[in-house]
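Heads up, the thing below is written out as structure tokens.
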């Protein structure tokens, strides 16, 4: 049943078959069956969300192509919701939920928030079939503090202190709380963490050790989602780098870092129980509460971001300071084939000779652009990559991304002249900065990677030191099809450009 | 000489007669002659800025109408710039620059950054004529630390510790430094302060005591400008609330607050030597480095924000937390007359009966809108105030502001279908949140004040708990002229609306 909406469905970003999706929940890796699990905030029967939220479930062999299993944990009563949380593998059966019939690598325990009008409390549920069915613990809740704004537990095993750790948000008190447990059932409060920008509330915290590139060290990173009230409008994620002893997180500095400068990167969650070699993998919700319930997709609303691998590295923030920064690398799984459709090297881009690339299959692109720009001042010094739709009834729409050497910032411009784009919160232009990858006398080199997937663009600057994730909504029947790379002044840009089309492997 | 650009010049926002302006510098009050002085980063002979920056000078009797005196401090050598700084009144002649011929209330000393390719150092200059002429100190610089990124000193007298205090930015090290002096010439380092978001660099710090409403207490507020790399794109200001003992600033919490959510509020500076009764007055640059050098005004480029009075008050950030927050109130001076051209009370706004207001004089508005909205969910529940231009060649342009009750955020939408608006950094939509002023069973009340001045809109939410300042650029010959207030669903908004036209007093 091919419909226009099936054609418009992102290829490598997970979307539910039907209904509403928001935050990703409890992503984990089943090492026995070599399968990735993803749960998510889900309303099966409508696309406006927020009523009787369930956990939905999807699984994947490669983090790019997902099988949707539909609802997996449902509220017992109307008005309740199974809100966000996490999944851990309780290998040693600390919880007592398992017997020997369940492989230690498949002893999945979900820790989630049960929401009602009266309170938000933390509950657990366990699976004896490797994450496809969950049974709620009979003595739930496992943690309650008499609050209506207490949610989104992220749990992990902390080996040095030999206990489970939960980070959870006292949402409207702007606090991330840290609890400890030996059995996932009894929790003891250890410490508070508060930092970053104020917004309306804090949500979806995370805490994980991330390797520092070029060393054998790791640092702890605290993730924190704020919604609404971020300066870019609505929802966004921040992070902090520091030390964690199992009880208290102490950031190295009092500053805060932005995880992704786009308007569609929220409620980031890391995968648990991954193999060391797979790195620190995480996934976000690719929307913004300012317009999530209005975006024109059907029969689903909501998408994840592409799964990203995270490391830390010292990168220049300016010519005088290097900052430890998350390096984000998108994961393109083995179910997806990259077909090289364009390649050029050392091409001098003039105003009268833009590069045009017309692909022929899915219109899902993985683009890498490295460019060198002269340091000489020129108010017109801008490079622009337009992603153009097919033409229908004489209409063609585009989104743009690029770099302005005078403003010294990358931009993504999703302004399209159609009805949805008039939404007063669907901000058209987003930007982010990155220092040059290399500076050679009067030349500066930058790199930009863009993954375009039907209605989502994820831009990674300078090999992932910064990212911009934005959805975009072309008119019905229009989808990204071709590219044009242009310069607004002559002889200033030398480019290497590769364009891969992403197609499902047969 | 009436020209279209004279007609387009803002009325109550200062703009230089000719040339380029960026940061406001050294605003102070001369209590002897009852006159306000404002200096500013200035390039007299072109409108693209950044070359051989001077201090320009303007004066005002009422903070709304300014006389432009042109350049007042110029660099001595090509390639140097007189960068941002402050002015203090050295009443007791601690500096030794003055004799009895200069009234103690007019002993103005400017402390500014001398910029060159080799270094940024702090210099002083003094005025014996009440701020109209400055003489550079012969033994400049007064503070140098062997850095090319060390600038924007804000100096004030700290009575309890009986010395001058300077806050100054180690810009690319993300540090605000605090120095002390007895004579404005010899400076001793005391402490560093670092907090907030990382961007490319920190600039234009400020530190001042602000009264807490409803108490006889004051708290110290540290201001900090970040450019570029703010999440909303480019330049913006943050602030921190805490304690200061004359040597070290200690914030009350580790969070950071946004001063203004618009894209055109940067390099905020407070007035020095004001009378207690005048409050804490401050002024910003109403532009953004992402497009400041391209905005279509002529023969000037650059404008200040309206002078604002600042207090602190505890206001709800959400239903469970109150936060100490800057309350910002625009100052409309006595040279400006407010003429009431529209007033309605308890008006039920339906979709089929928008309110239209057509003024007849300057097209400079001061609008106050109080509205009550039902708490019932309705995806279409939005109120919109369009500011419409005159009609020329059949073309009319508008900007919009309003509130969406489902998204629970105020918006300003400056998207206009003309060439300048295609600038990839001139973001169209900006939003900010504010909790209801009052909640009465199923009704919520909000208030919005908007000052529209030719090409600048400043929006104050709920009596100043949050603000959004944005420039906008209608096509040549078009300027704000009339208003339309509309609702997108029926019977949900009850409004009080007043519209004052602002006109120069004869």
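Chains as they are written, first to last, in the UniProt record's numbering: chain V, 1 to 506; chain C, 1 to 506. C-beta: ideal position from N, C-alpha, C; glycine also. Note that the structure is predicted; figures quoted are calculated from it, not measured.
Taking the alpha-carbon of residue i as reference, which of the options has the nearest alpha-carbon?
i, options, result
"residue 459(C)", "433(C), 439(C), 245(C), 325(C)", "433(C)"
"residue 292(V)", "24(V), 48(V), 9(V), 31(V)", "48(V)"
"residue 152(V)", "188(V), 82(V), 216(V)", "82(V)"
"residue 523(V)", "84(V), 411(V), 352(V), 427(V)", "The displayed coordinates of chain V run from 1 to 506. Any statement about residue 523(V) would go beyond what the structure contains."
"residue 185(V)", "351(V), 112(V), 169(V)", "112(V)"
"residue 438(C)", "172(C), 319(C), 54(C)", "319(C)"
"residue 271(C)", "210(C), 249(C), 484(C)", "210(C)"
"residue 302(C)", "249(C), 52(C), 285(C)", "285(C)"
"residue 471(C)", "93(C), 371(C), 392(C), 304(C)", "304(C)"
"residue 93(V)", "51(V), 157(V), 77(V)", "157(V)"
"residue 485(C)", "252(C), 401(C), 192(C)", "401(C)"
"residue 18(C)", "32(C), 39(C), 26(C), 68(C)", "68(C)"
Report back the beta-carbon spacing between residue i and residue j to the nearest angstrom; my notes put them in contact at under 8 Å.
i, j, result
"residue 246(V)", "residue 161(V)", "3 Å"
"residue 207(C)", "residue 167(C)", "5 Å"
"residue 205(C)", "residue 176(C)", "5 Å"
"residue 199(V)", "residue 290(V)", "The Cβ separation is near 12 Å, so there is no contact."
"residue 256(C)", "residue 197(V)", "6 Å"
Would you verify that the beta carbon of residue i is, or is not, closer than 9 Å to some beta carbon of chain C?
i, result
"residue 41(V)", "no"
"residue 116(V)", "no"
"residue 469(V)", "no"
"residue 19(V)", "no"
"residue 418(V)", "no"
"residue 233(V)", "yes"
"residue 7(V)", "no"
"residue 402(V)", "yes"
For residue i, write down the residues that DSSP places opposite it in a beta bridge.
i, result
"residue 447(V)", "370(V)"
"residue 60(C)", "36(C), 66(C)"
"residue 282(V)", "270(V), 308(V)"
"residue 340(V)", "500(V)"
"residue 227(C)", "201(C)"
"residue 71(C)", "56(C)"
"residue 460(C)", "449(C), 467(C)"
Quick one: residues in its chain with C-beta nearer than 7 Å to the C-beta of residue i, no 5 flanking neighbours on either side, listed in chain order?
i, result
"residue 116(C)", "79, 80"
"residue 389(V)", "396, 397, 398, 474, 478, 479, 480, 481"
"residue 501(V)", "339, 341, 359, 361, 362, 364, 365"
"residue 34(V)", "none"
"residue 147(C)", "119, 120, 170"
"residue 10(C)", "303, 453, 454, 455, 456"
"residue 392(C)", "477, 478"
Keeping to the same chain, check which residues put their C-beta closer than 6 Å to that of residue i; ignore five residues upstream and five downstream.
i, result
"residue 121(C)", "114, 141, 144"
"residue 189(V)", "179"
"residue 378(V)", "489"
"residue 288(C)", "234, 235, 263, 264"
"residue 367(V)", "450, 499"
"residue 314(C)", "322, 324"
"residue 37(C)", "28, 59, 131"
Examine chain V for any beta-carbon lying closer than 9 Å to the beta-carbon of residue i, and answer yes or no.
i, result
"residue 512(C)", "As shown, chain C starts at 1 and ends at 506. That puts residue 512(C) outside it, with no answer to give."
"residue 201(C)", "yes"
"residue 230(C)", "yes"
"residue 173(C)", "yes"
"residue 424(C)", "yes"
"residue 289(C)", "yes"
"residue 318(C)", "yes"
"residue 431(C)", "yes"
"residue 3(C)", "For residue 3(C), the predicted structure reports a pLDDT of 49, less than 50, and the residue's modelled location is therefore unreliable. A value from the coordinates is still provided. Output row for residue 3(C): interface = no."
"residue 448(C)", "no"
"residue 197(C)", "yes"
"residue 507(C)", "Look at the range of chain C in this structure, 1 to 506, and you will see that residue 507(C) is not part of it."
"residue 323(C)", "yes"
With a CB to CB cut of under 8 Å and the five nearest residues on each side skipped, what residues in its chain are close to residue i?
i, result
"residue 8(C)", "297, 454, 455, 479"
"residue 420(C)", "294, 295, 296, 426, 473"
"residue 227(C)", "199, 200, 201, 203, 234, 235, 236, 266, 289"
"residue 331(V)", "63, 64, 281, 306, 307, 308, 309"
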